[in-house]
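Report on one structure; see the data block that follows.
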Amino acid sequence: MALEVATEQHRAKNREYSRKYSAKTRAQINDKARACRAKNPEKVREYNREYDAKNRDRINGQERARRAKNSEQINERAREYHAANREQINERKREYDAANSSAKCEKTRNRVHNLAPGQYDDMLAAQSGLCAICGKPETALSSSGGVRALAVDHCHDTGVRGGLLCHRCNAGIGLLNDDPALFRAAIDYLESVRPRLRIA
Ligand SMILES: [Zn+2]
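Quick note: the sequence shown, position 118, residue 299 per my numbering, numbers continuous.
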């Protein structure tokens, strides 16, 4: 009995000693590591980049799980932040869009339509900057408030490109399924039925 008590006291003493020891050495180790990081910021960035690249899937998975678990709280905080900073956020977005929209659009357009840099401008110059159907310049506005670029007409199945069209004409031919037979029927209708409507 006495021996057990003594052993337990001894263990408790040991635990206390290692707790103090590791707290002290941990502080020393942390100080050293902090000093080392401060001295080599480039090395730290490089290490972090490599670490992130190696562990991307795991980190993304953890982040997704964290977001899923706390989605209510995260959404609530985002809503509060947006409400408190609405003006500033909108202003920043306007500035960003104005500065980046044309470059961003060009990049997206080139990627989507498999255009080489400058190819769109060549097509535009060949059409004198005008729509291939109505022969007018584009007037429709983009979401950032500037005039839209003429759309690259293309086949959705083959990706083969046609001319550049204004928003109205592009939408118009799409509404009739890009189908010449439907367009001929529409012309017949406009020329034969519509005039009778006007007279009546
Ligand atoms: Zn047009």
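Just so it is clear, CB atoms sit at the ideal spot from N, CA and C, and this is done for glycine as well.
Span of the alpha helix (DSSP H) around G136
Not covered by the structure: residue 136. The range shown for the chain is 182 to 381.
### Query
First and last residue of the alpha helix (DSSP H) that includes H263?
Where H263 is concerned, the enclosing alpha helix (DSSP H) stretches over 252–265.
message: Let me check one thing: in DSSP terms, what residues is A332 bridge-paired to?
response: Note: A332 sits in a beta bridge opposite L346.
ask   = Over what stretch of residues does the alpha helix (DSSP H) that includes E227 continue unbroken?
value = Here the alpha helix (DSSP H) through E227 covers 222–235.
Checklist line | Any non-hydrogen atom of ligand 1 within 6 Å of I354 CB | finding: Using a cutoff of 6 Å, the CB of I354 does not count as near ligand 1, since none of the ligand's heavy atoms is closer than that.
*asked:* Please output, in chain order, the residues near ligand 1 using a CB cut-off of less than 5 Å to any non-hydrogen atom of the ligand.
replied: Listed by position along the chain, the residues with Cβ atoms less than 5 Å from a non-hydrogen atom of ligand 1 are C312, I314, C315, C347, C350.
Quiz item: Smallest Cα separation from K386: which of A330, C336, E253?
Solution: No information on residue 386 is available, as it lies outside the stretch 182 to 381 that the chain covers here.
Item to complete: State buried or exposed for Y262, treating a residue as buried only when at least 16 other CB atoms are found within 10 Å of its CB.
Response: Here Y262 is exposed. Its C-beta has fewer than 16 other C-beta atoms within 10 Å.
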